[in-house]
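176 is the number that this note's numbering gives to position 19 of the sequence shown; each next residue is one higher, with no gaps.
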Amino acid sequence: MGLDWITRLLRVDTTSRDSNLPLIDLVVAELRAHGVESALVHNEDGTKANLLATFPAADGTTTGGIVLSGHTDVVPVDGQQWSSDPFAPEIRDGRLYGRGTCDMKGFIGSVLARVPELADAPLREPVHLALSYDEEVGCVGAISLVDEIVRRELRPRACIVGEPTSMRVITGHKSLTMIRVAFHGVAAHSSRTPHGVNAIEHAAQLVRFVRGVADQFRTEGPFDEHHDVPFTTATVNQIEGGIAVNTVPAVCTLTFEFRAIAGVDVDATIEKFYAEARRIEQSMQQENPSARVEVSIGAQAPGLDTPQGEDVIEFVSGLGGAASSEKVAYGTEAGLFQRAGIPTVVCGPGDIAQAHAPDEFVEIDQLHRCDALLDALLSHLRG
Ligand SMILES: [Zn+2]
Numbered sequence: 158m159g160l161d162w163i164t165r166l167l168r169v170d171t172t173s174r175d176s177n178l179p180l181i182d183l184v185v186a187e188l189r190a191h192g193v194e195s196a197l198v199h200n201e202d203g204t205k206a207n208l209l210a211t212f213p214a215a216d217g218t219t220t221g222g223i224v225l226s227g228h229t230d231v232v233p234v235d236g237q238q239w240s241s242d243p244f245a246p247e248i249r250d251g252r253l254y255g256r257g258t259c260d261m262k263g264f265i266g267s268v269l270a271r272v273p274e275l276a277d278a279p280l281r282e283p284v285h286l287a288l289s290y291d292e293e294v295g296c297v298g299a300i301s302l303v304d305e306i307v308r309r310e311l312r313p314r315a316c317i318v319g320e321p322t323s324m325r326v327i328t329g330h331k332s333l334t335m336i337r338v339a340f341h342g343v344a345a346h347s348s349r350t351p352h353g354v355n356a357i358e359h360a361a362q363l364v365r366f367v368r369g370v371a372d373q374f375r376t377e378g379p380f381d382e383h384h385d386v387p388f389t390t391a392t393v394n395q396i397e398g399g400i401a402v403n404t405v406p407a408v409c410t411l412t413f414e415f416r417a418i419a420g421v422d423v424d425a426t427i428e429k430f431y432a433e434a435r436r437i438e439q440s441m442q443q444e445n446p447s448a449r450v451e452v453s454i455g456a457q458a459p460g461l462d463t464p465q466g467e468d469v470i471e472f473v474s475g476l477g478g479a480a481s482s483e484k485v486a487y488g489t490e491a492g493l494f495q496r497a498g499i500p501t502v503v504c505g506p507g508d509i510a511q512a513h514a515p516d517e518f519v520e521i522d523q524l525h526r527c528d529a530l531l532d533a534l535l536s537h538l539r540g
C-alpha cells in the first residue's frame with residue numbers, strides 16, 4: 158500500500174498560506190530517481206509550484222493518455238481541537254488520522270507509491286502526474302497547471318481528480334465564484350453621524366441582497382436533483398469593519414461566494430451583484446462624494462458537467478470506481494480540466510465529510526480500494 162508515501166506527505170505541513178515547495182521537492186526527487194523529469198510551474202513570487210510529469214508510453218509517446226491529478230495544499234488547523242498532532246499521522250481503529258489524509262494526500266501518496274512501476278512498466282499510453290498548489294483557496298494553482306498541459310499539447314484522453322468521493326465516479330459539481338467587496342465610507346465621531354458615511358451600514362445592504370438572491374435560487378431554482386443541495390447557493394462568509402464603538406466606520410470589507418449548478422448563468426449572476434454594489438456606492442456618494450465601493454473576483458472555479466456517455470466514465474468505473482449519478486456540492490479542479498477539453502471525473506479515497514474537519518481521517522479500507530483502482534489502471538496500461 159502507499160502508506161509510506163502518504164505519511165511522508167502528511168508530515169509536510171502544506172497549509173495553503175505556506176509554501177508547498179518542500180513537498181514538491183520530495184516528489185521531484187522521487188521522479189528523478191526513476192528517470193522522470195518534472196516540469197514546475199511556479200506562482201508569481203516563486204514560493205509555490207505545480208508539478209507536471211509524464212511517464213511516456215513504451216514507444217516514447219507522450220501525448221494522449223491518462224492524467225492523475227491532485228492538489229498538494231491542505232486547509233488550516235487553526236482553532237480546531239485535534240486528538241492527535243495533525244501533522245504526525247496516526248492509525249487508530251482502521252483509520253489514518255491527520256490533516257490531508259482524506260483531502261487529499263491519501264490519493265497522491267497512493268499514486269506516488271506507483272512511481273517505480275509506472276517508470277518501469279512498458280505502458281501502452283502515457284500517464285501524466287499533475288499536482289497543484291492553492292486548490293483550497295479557490296482552485297488557483299491548477300489554472301496554470303492546466304494551461305501547461307494545453308501548451309505542451311498533451312491532449313490526454315482522460316483525467317482522474319482524486320478528491321475524496323468514497324471511490325465513487327463523480328461527473329458533476331457546482332462552479333464556485335468568490336467576490337470581495339470593500340466599502341469605503343467616511344470616518345467621524347459617532348456623535349456626528351451626518352459628517353460620516355457608515356461603511357458597515359452600507360455593507361449590510363449588500364449582505365441582505367446576497368441573502369435575497371440566495372433565497373430566490375432556493376425557492377425558484379433552477380434545480381438539479383442530482384445535487385445534495387439541489388440549487389445554487391450564495392452566502393456571505395466573512396465581514397470586517399469598524400475600529401471603535403464611538404467611531405463611524407470608514408471601512409467595511411466582506412467576502413461572499415456563490416456555487417452555481419450547471420443551468421445558471423454565472424456571468425449574469427456576477428453582474429447582478431456588481432449592479433447592486435454600484436447602486437450602494439451611489440447612495441454612499443450622495444452622503445459624501447468621496448465614498449466608494451470596490452468589487453473584485455477573489456477566485457473562480459468552473460463547474461464540472463461531464464456528459465453521460467463520455468468514455469472516461471466507463472473507463473474509471475471499469476477500473477473499480479463505483480458508478481454514481483450523484484453530483485457533489487464541493488468544487489474541485491476537475492472543471493478546469495474539462496474546460497480545457499480533457500474528459501474528467503472525480504474519484505478518490507475518503508469521505509468529504511471528514512475533509513477540513515478536526516480529526517480528519519481516511520478509512521484504511523478506502524486506501525485499499527484506491528490501491529485496487531491503481532492496480533487495475535496499471536494492468537490496463539500494461540495491456
Ligand atoms: Zn481537496
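Don't be surprised by glycine CBs; every beta carbon is placed ideally from N, CA and C. Values in this document were obtained by computation on a predicted structure and should not be read as measured data.
By the Cβ rule, the region 306-323 counts as touching the region 499-514, because three or more pairs are nearer than 8 Å.
Between the alpha carbons of residue 249 and residue 239 lies a distance of about 14 Å. Residue 268 places its beta carbon less than 8 Å from that of residue 286. The continuous beta strand (DSSP E) containing residue 503 extends over residues 501-503. Inside the region 308-366, DSSP marks whole beta strand (DSSP E) runs of 3 or more residues at positions 315-318, 332-341, from first to last along the chain. Secondary structure of residue 266 (DSSP, three-state): helix. Cβ-Cβ separation between residue 296 and residue 488: approximately 7 Å, consistent with a contact (criterion under 8 Å).
In this chain, the beta strand (DSSP E) harbouring residue 195 covers 195-199. If you check the CB distance, residue 387 and residue 283 do not come in under 8 Å. By the beta-carbon neighbour count (other beta carbons within 10 angstroms, threshold 16), residue 352 is exposed. Boundaries around residue 274 are those of the alpha helix (DSSP H), 272-277, since no beta strand (DSSP E) includes it. In the pairwise beta carbon analysis, the region 406-426 is classified as touching the region 325-332: at least three pairs are separated by under 8 Å.
Contact annotation, residue 164 with residue 246: C-beta distance approximately 5 Å; criterion of less than 8 Å satisfied. Residue 356 is a Cβ neighbour of residue 406, given a cutoff of 8 Å. Counting along the chain, no alpha helix (DSSP H) covers residue 511, and no H or E run does either. Contact between residue 178 and residue 205 holds, with the beta-carbon distance rounding to 7 Å and staying under 8 Å.
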